[in-house]
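Participant:
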Amino acid sequence: MAHPKRRQSSTRRDKRRTHDKAVVPQLAKDPTTGEVHLYHRAHWFEGKLYYRGQVLIDTTEATA
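Numbering (the numbering used here), first residue to last: -11 to 52.
1. What ranges does the alpha helix (DSSP H) occupy inside the stretch -9 to 37, keeping only unbroken runs of at least 4 residues that lie completely in it?
2. Excluding five sequence neighbours on each side, which residues of the same chain lie with their C-beta closer than 7 Å to the C-beta of residue 39?
3. Excluding the 5 residues flanking residue 47 on each side, which residues of the same chain have their C-beta closer than 6 Å to its C-beta?
4. Going straight from the alpha carbon of residue 32 to that of residue 12, what length do you get?
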């Protein structure tokens, strides 16, 4: 039987045990566009990049 010379921390044990758990991605609905996207991520909608309801990049003006 294994006999460790010193105790390992509980944090180290917990890190070893958590790697195989499935994580469901959180989804959010943009208040402006109504699009469903990944939480804390910007998303493209009709040529514009939105984050938290604000337009970050607008490519429709550049192509026109």
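Heads up, the beta-carbon is just placed ideally off N, CA and C, and yes, glycines get one too.
Facilitator: Concretely, from the data shown:
1. Counting only runs that start and end inside the stretch -9 to 37, the alpha helix (DSSP H) elements of at least 4 residues fall at -2 to 5.
2. Locating residue 39 in the sequence shown gives position 51, counting from the first residue. Closer than 7 Å at the Cβ level, and outside the excluded window around residue 39, lie 30.
3. Taking the sequence shown and counting its residues from 1, the one referred to as residue 47 is at position 59. The answer, listed in chain order, is 35.
4. The residue given as residue 32 occupies position 44 in the sequence shown. The residue given as residue 12 occupies position 24 in the sequence shown. Looking at the two C-alpha atoms, the distance is approximately 22 Å.
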